[in-house]
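Take 1 as the starting number for the sequence shown in this note's numbering and just add one per residue. Glycine is no exception: its CB is placed at the ideal position from the N, C-alpha and C atoms. Remember, it's a predicted structure, so these values are computed and weren't measured experimentally.
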Amino acid sequence: MLMDANIIRPMQSNMYRAFRPWTTDGLLLSVFTAEDDAANRDMKQHISVYYSLSYAVSSFEPRMDSASRMFFDELDRRFVPTRAQFDVTQWMKFLSYDTMGLMTFSRPYGYVQHGRDLHGIMDDVKRANLSIGPVSYT
Numbered sequence: 001m002l003m004d005a006n007i008i009r010p011m012q013s014n015m016y017r018a019f020r021p022w023t024t025d026g027l028l029l030s031v032f033t034a035e036d037d038a039a040n041r042d043m044k045q046h047i048s049v050y051y052s053l054s055y056a057v058s059s060f061e062p063r064m065d066s067a068s069r070m071f072f073d074e075l076d077r078r079f080v081p082t083r084a085q086f087d088v089t090q091w092m093k094f095l096s097y098d099t100m101g102l103m104t105f106s107r108p109y110g111y112v113q114h115g116r117d118l119h120g121i122m123d124d125v126k127r128a129n130l131s132i133g134p135v136s137y138t
């Protein structure tokens, strides 16, 4: 990492210039490409709120609460009356996928509601991780 003696911040090497998007009007400035501190600060000002902890908590906590309620309501409906045994690990996976759906698209995928992997996505992810995992291990 290069350091400029006048500025106390890391400087990007010239390697990063190769990854900058260009248009017919020149360099497309973004928070990732702007070298000027003032320009970079101005751009970040408009989006920084979305990366703050308070925003994450205020926008995602209700969705997490919704996922938890949905999960426990479904377990109560399916298993409490009959005292049937069930695979907790599988149901936690359903909860995690539905939570990701709620956080990303504001609605669950439907794993908890249907009690199964409706479209084979969980199996696809497992197969992909089994093949990709050994390749990416360092």
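Taking the alpha helix (DSSP H) that His-114 falls in, what are its first and last residues? 111-114
Tell me the rounded alpha-carbon separation between Phe-71 and Ala-39. 46 Å
Around the C-beta of Leu-130, are 16 or more other C-beta atoms found within 10 angstroms, so that it is buried, or is it exposed? exposed
Could you tell me which uninterrupted beta strand (DSSP E) segments, each at least 3 residues in length, are contained entirely in the segment 66-128, listed from first to last along the chain? none
Consult DSSP for Leu-27 and reduce its assignment to one of helix, strand or coil. strand
Straight-line CA distance for Met-1 to Glu-35? Low per-residue confidence applies at Met-1: pLDDT is 48, beneath 50, and the placement is therefore not dependable, though the value from the model is reported in the following sentence. Each residue's alpha carbon lies about 15 Å from the other.
Do Thr-99 and Arg-63 count as a contact pair if the criterion is CB distance below 9 Å? yes
Assuming Asp-36 is part of the alpha helix (DSSP H), what are its boundary residues? First-last for Asp-36: undefined, no H or E at that position.
Can you give the Cα-Cα distance for Asp-123 and Gln-45, rounded to whole angstroms? 41 Å
Spatial neighbours of Tyr-111 within its chain, please: C-beta separation below 6 Å, excluding the five flanking residues on both sides. Phe-94, Tyr-97, Asp-98
Beta-carbon separation of Leu-75 and Phe-86 under 9 Å? yes
Between Ala-67, Leu-118, Val-80, His-119, which lies nearest to Arg-107 when the distance is taken from Cα to Cα? Ala-67
Proximity winner among Ser-48, Pro-134, Asp-25, Thr-23, relative to Val-165 (alpha-carbon distances): Residue 165 is absent from the structure shown; the chain starts at 1 and stops at 138.
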